[in-house]
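Numbering (the numbering used here), first residue to last: 4 to 310. Let me begin by presenting the structure, written as structure tokens, before commenting on it.
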């Protein structure tokens, strides 16, 4: 009788995506699929989970502070409720929005005439459940009010400034009721970005590797870490030491303790390093040390490629 071979540990699906991406990049990284993000999302983040019945959501990164007020939404019976955009779906949607804004140089973006078309554009699978969740998250996202403090500089030096804006001025979401219906229909869904949000994208877009973002899987924190690190290394000339309490103000907020946040951050950082191995970062007891690194998308490559 032959000996029973030990079971091979199963690799989690998200990690397998990252490993496959890393292997492909080792063979050929000469033509990355380039997308863009608004700078604000590289500095502060949306909630990971639904904050619930609270009046606002706040994140802080140094002198930059984001405050978001929830959207006012309608139930099928006409009653009203408030809701925040949160999780993975609005993050992918915002990356697609920024990429389209840079590509077209227009604040008017065509989402596509079917939900499936739009979901494919932002790298999501088809399916009725995802389609419903995405529709709701878009409504929450576009209906939110945002206040960003400290993003601007003036000619006299450093000064505090608050910008009040919404992501979109006008939204038309006309999607087929039938999942899988690829017909064009009578309408085309579109979003007209607010002038202030549109300008914040096209005046200083943050380039990202779209396939890397897809490979990071289902974790909103991984996307936030990747986007933040990609943005920081563009201008980093010497090591930056960031306290875990400061990182918690920026990324955390929904963990019970700094210790829990730190453990989650380090775990997700390992996954980010798989898709961005050039990132030079060190974890210490009190600090995260970010050192000058090769940008994931070189700044000379201002190509814009649509999914």
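Note that the Cβ used here is the ideal one computed from N, Cα and C, for glycine as well.
1. Note down the Cα distance separating residue 204 from residue 38, rounded to an integer number of angstroms.
2. Considering residue 177, what are the terminal residues of the beta strand (DSSP E) in which it resides?
3. Compare the C-alpha of residue 247 against each of 291, 60, 101 and name the closest.
4. How many angstroms separate the CA atom of residue 293 from the CA atom of residue 242?
5. Quick one: using the 10 Å Cβ neighbour count with 16 as the cut-off for buried, is residue 78 buried or exposed?
6. Compute the Euclidean distance between the alpha carbons of residue 271 and residue 225, then round it to the nearest angstrom.
7. Looking only at its own chain, which residues have a Cβ that is under 7 angstroms from the Cβ of residue 216, when we skip the five neighbours before and after it?
8. For residue 263 versus residue 51, is the C-beta distance shorter than 8 angstroms?
9. Can you tell me which of the three DSSP states residue 3 falls into?
10. Would you mind sorting residue 297 into buried or exposed? The rule is 16 or more other CB atoms within 10 Å of its CB.
11. When you compare each of 124, 91, 47, 104 to residue 68 by their alpha carbons, which one comes out closest?
12. For residue 146, list the residues DSSP reports as bridge partners.
13. Nearest to residue 207 by alpha carbon, out of 108, 57, 55?
With the structure as the only source:
1. 12 angstroms
2. Neither: residue 177 is in no beta strand (DSSP E) and is coded neither H nor E.
3. 291
4. 6 angstroms
5. exposed
6. 5 angstroms
7. 98, 226, 229
8. no
9. Nothing about residue 3 can be read from this structure; the chain reaches only from 4 to 310.
10. exposed
11. 47
12. Paired residues: none, contrary to the question.
13. 108
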